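Protein chains: 2
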Amino acid sequence: MPRLIKTRTKPVPPLPQISDAEWTVMKIIWQQSPISTSQVVQALENRIHWKPKTIHTLLSRLVQKGALTFEKQGREYLFRPLVDARHCVHEASRSFLNRVFDGELAPFLAGFLEREKLSRAEIAELRRILDGKQS
Amino acid sequence: MPRLIKTRTKPVPPLPQISDAEWTVMKIIWQQSPISTSQVVQALENRIHWKPKTIHTLLSRLVQKGALTFEKQGREYLFRPLVDARHCVHEASRSFLNRVFDGELAPFLAGFLEREKLSRAEIAELRRILDGKQS
DNA sequence: ATGTATTTCCTACAAATGTAGGAATTGCAA
DNA sequence: TTGCAATTCCTACATTTGTAGGAAATACAT
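Heads up: the sequence lines are chains A and B, in that order. Just add 5 to the spot in the first sequence (first one is 1) and you have the numbering used here. Just add 5 to the spot in the second sequence (first one is 1) and you have the numbering used here.
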């Protein structure tokens with residue numbers, strides 16, 4: 006017997022709030038997952054000043070927040086994302102546009118291009134992206 | 006006698022870090038300045054839940070941070086921005102792109118359009134913005 | 001079996017942020 | 001001139017964030 010009405014079974018859990026420093030970590034893990042603690046540390050050690058302990062803290066906060074899970078592998082942890090990268094990225098974009106531009110994309114683009122001169126090639130790339138969305 | 010070398014006399018003071026809630030206030034003040042405390046409260050009271058006290062706190066924090074000045078007018082304060090809106094907006098944009106998109110604009114635009122379907126007119130507007138930047 | 005190097009677990013702490021409350025002051029109406 | 005309503009001044013407090021340190025556990029080498 007087919008179910009009626011109740012289309013969406015799982016309520017969407019709200020995305021965890023990912024802080025600035027945490028984004029740095031999430032981006033690594035979205036790129037490469039599963040990934041061990043020490044691999045995360047290695048991936049970051051040339052780009053960021055952080056002590057390993059700092060990275061450990063960020064990892065466990067991300068687990069608490071429900072952004073990551075981990076499984077024990079020997080004595081290390083293997084992390085993987087629990088939240089979808091594109092979803093988080095879009096949330097962050099929306100939130101930024103809302104905060105700064107009252108939610109509108111066009112003023113962002115206009116203001117940005119006003120300040121940062123892009124090369125002809127870069128402009129062309131943006132135009133191609135728009136063309137892809139051509140109705 | 007013309008001055009040599011030392012082109013930039015004033016060192017650029019770093020922009021104050023404006024929080025999420027504070028952006029709401031700054032946007033009002035950039036729109037309408039000088040503006041009194043009670044006017045700010047009024048401007049926000051229909052859009053936001055905040056108690057007036059909360060807004061007062063935000064205003065004084067923004068003064069502390071050097072984002073606003075005020076002058077006494079009777080017993081009220083009249084506020085005006087000390088930081089340039091476009092400058093702050095651009096800083097925020099850069100910071101967002103750095104955090105989420107490793108600083109790149111194109112992936113932002115592509116991802117955003119993937120998620121949010123814009124109308125033909127909106128796309129056209131974006132294209133016009135790009136055309137304005139045509140070399 | 002045991003020491004050791006590694007890794008996790010728990011704790012810390014200052015600054016920033018959201019969200020106000022109460023006390024003090026003061027311009028103005030009566 | 002005096003009381004009041006409005007406004008500012010100072011304080012508060014829980015969370016989140018950046019940034020770790022030390023203690024405890026444990027896998028593995030010898």
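Built from N, CA and C at the ideal position, the CB exists for glycine as well. Predicted model only: the values in this text are computed from it and were never measured.
Roughly how many angstroms lie between the CA atoms of Met6/B and Ala97/B, to the nearest whole one? Taking the first residue of the second sequence as position 1, residue 6/B is located at position 1. Taking the first residue of the second sequence as position 1, residue 97/B is located at position 92. With a pLDDT of only 45 at Met6/B, under 50, the local geometry of the prediction cannot be trusted, and no value is derived from it.
Touching by the beta-carbon criterion (3+ pairs, under 8 Å), the stretch 85–93 of chain A and the stretch 107–115 of chain A: With the cut-off at 8 Å, the stretch 85–93 of chain A and the stretch 107–115 of chain A do not touch.
DSSP bridge partner residues for Glu76/A (one or two, in chain order): In the first sequence, counting from the first residue as 1, residue 76/A sits at position 71. According to DSSP, residue pairing for Glu76/A in a beta bridge involves Leu83/A.
Since Arg104/B and Trp28/A should fall inside the 8 Å C-beta cutoff, what is the C-beta to C-beta distance between them, to a whole number of angstroms? Taking the second sequence and counting its residues from 1, the one referred to as residue 104/B is at position 99. Taking the first sequence and counting its residues from 1, the one referred to as residue 28/A is at position 23. So it is a contact: roughly 5 Å between Cβ atoms.
May I ask you to report which of helix, strand or coil DSSP gives Ile53/B? To locate residue 53/B, count along the second sequence from 1; it is residue 48. Looking at Ile53/B - three-state DSSP - the assignment turns out to be coil, as it is neither helix nor strand.
Quick one: list the residues of chain A neighbouring Arg91/B, beta-carbon separation under 8 Å, in chain order. Here residue 91/B refers to the residue found at position 86 of the second sequence. Those within 8 Å of Arg91/B in chain A are Gly116, Glu119, Arg120.
C-beta contact flag for Met31/B and Leu83/B at 9 Å: Here residue 31/B is taken as the residue at index 26 of the second sequence, counted from 1. Here residue 83/B is taken as the residue at index 78 of the second sequence, counted from 1. Their beta carbons are not under 9 Å apart, which means Met31/B does not touch Leu83/B by this criterion.
Report, in whole angstroms, the separation of the C-beta atoms of Arg85/B and Pro39/B, which I expect to be a contact under 8 Å. By 1-based counting over the second sequence, the position of residue 85/B is 80. By 1-based counting over the second sequence, the position of residue 39/B is 34. About 5 Å; that satisfies the 8 Å criterion.
Please compile the residues from chain A whose C-beta is within a distance smaller than 7 Å of the C-beta of Val94/B. Translated into positions along the second sequence, residue 94/B becomes position 89. Val105, Gly116, listed in chain order.
Given a cut-off of 9 Å, decide if Val88/A and Leu135/A are closer than it, judged by their beta-carbon atoms. Residue numbering aside, residue 135/A sits at position 130 when the first sequence is read from its first letter. Residue numbering aside, residue 88/A sits at position 83 when the first sequence is read from its first letter. Contact flag unset, no.
I need the DSSP call for Ile23/A, collapsed to helix, strand or coil. Position 18 of the first sequence, counted from the first residue, corresponds to residue 23/A. Reduced to three states, the DSSP call for Ile23/A is coil.
Check the DSSP bridge columns for Ile60/B and list the partner residues they point to. If you number the second sequence from 1, residue 60/B lands on position 55. When beta bridges are read from the DSSP output, Ile60/B appears opposite no residue.
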